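Under the numbering used here, read the sequence shown as residues 6 to 67, first letter to last. Notes follow once the structure below has been shown.
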Amino acid sequence: MKDYSDYPEHLREEARRLDRNYEIVQCFQDSTGLPHIYIPDLSLAEFLYEDLKKDKKNKKKA
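Below, the structure is given as structure tokens:
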């Protein structure tokens, strides 16, 4: 686990939460094939994934 002792005390929990969210999003990106760009939360990643799936379906129809 990452050491947050160098962070100001009032920011440590927020830094932990953001890192956990980022790890979750990275796993989601790995499983869906989304590119590894910074996406701040899972709901945005899921939205982009659904958009990507629609785009692929539309390209197959064309």
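Note that the Cβ used here is the ideal one computed from N, Cα and C, for glycine as well. Just so it is clear, the structure is predicted and the values come from calculations on it, not from any experiment.
1. Excluding the 5 residues preceding and the 5 following V30 in the sequence, name in chain order all residues of the same chain whose CB lies nearer than 6 Å to its CB.
2. Under three-state DSSP, which class holds K7?
3. Whole-angstrom Cβ separation of R17 and Y9, contact assumed at under 8 Å?
4. What three-state label does DSSP hand L53 in the structure shown?
This is what the structure holds:
1. Position 25 of the sequence shown, counting from 1, holds the residue named residue 30. Cβ neighbours of V30 beyond the five flanking positions: I44, L47, A50.
2. Position 2 of the sequence shown, counted from the start, is the residue given in the question as residue 7. Note: K7 maps to coil in three-state DSSP.
3. Walking along the sequence shown from the start, residue 17 turns up at place 12. Walking along the sequence shown from the start, residue 9 turns up at place 4. With a Cβ gap of about 4 Å, R17 and Y9 count as contacting.
4. Translated into the one-based positions of the sequence shown, residue 53 becomes position 48. Three-state result, L53: helix.
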